[in-house]
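Reading through the structure tokens given below for one structure.
Numbering (UniProt numbering), first residue to last: 1 to 209.
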């Protein structure tokens with residue numbers, strides 16, 4: 001009987017402590033091997049080309065190029081790439097974006113200790129893994145009206161502390177148009193006011209913090 005080749009893993013995260021922790025866990029497994037590490041999306045693409053890993057662990061929020069952009073680029077070049085997203089945030093919009101980009105699984109960093117190894121094996125076997133809490137978040141908002149690109153832009157400026165007048169000047173639109181956008185945004189997010197709208201948008205992954 002031939003010995004099975006270990007699952008070759010690439011880890012992508014800008015936090016060295018997290019990479020070290022993952023490396024230690026993987027090195028303790030007889031059926032896995034860490035073949036590369038990257039600190040951002042640009043390095044991830046380069047490392048993927050170099051090592052052709054079986055499974056890639058991808059953080060979403062990183063400098064230079066984020067995880068969703070990196071997943072999109074890797075999957076365009078290597079459609080069979082199997083990628084597990086690791087993130088701190090359970091936002092449904094962010095999760096859906098990662099899955100649409102081609103991720104096979106989504107894991108919260110708080111679940112790593114319990115679920116990382118099983119998820120790597122599941123994805124390597126060609127299956128998907130979406131934790132129940134994230135799946136229910138996605139389902140809960142599946143029929144919501146999505147914010148338009150302009151509404152997201154307005155909300156991003158609100159989150160940066162700008163007044164309607166300042167937002168109007170920044171986006172070269174009238175103050176009345178800004179107010180109309182806010183009037184549309186609040187019911188879409190089921191928000192009480194503009195501050196609440198920003199909080200919800202960050203929690204759901206519509207806005208990056």
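Note that CB positions come from ideal geometry on N, CA and C, so glycine has one too.
**Identity of the residues DSSP links to residue 8 by a beta bridge** = 33
**Message:** Rounded to the nearest angstrom, what separates residue 108 and residue 9 at their Cα positions?
**Reply:** 18 Å
**Prompt:** What's the C-alpha gap between residue 2 and residue 127?
**Reply:** Its pLDDT being 47, under 50, residue 2 is placed unreliably by the model, and nothing is read from it.
**Request:** May I have the straight-line CA-CA distance separating residue 136 from residue 176, to the nearest angstrom?
**Result:** 37 Å
**Prompt:** Under a Cβ-count criterion, where at least 16 other Cβ atoms within 10 Å of its own Cβ denotes burial, should residue 50 be classed as buried or exposed?
**Reply:** exposed
**Message:** Whole angstroms are fine: how far does the CA of residue 170 sit from the CA of residue 90?
**Reply:** 31 Å
**Item:** Which of helix, strand or coil DSSP assigns to residue 105
**Value:** strand
**Asked** Do you know how far the Cα of residue 154 is from the Cα of residue 102?
**Response** 29 Å
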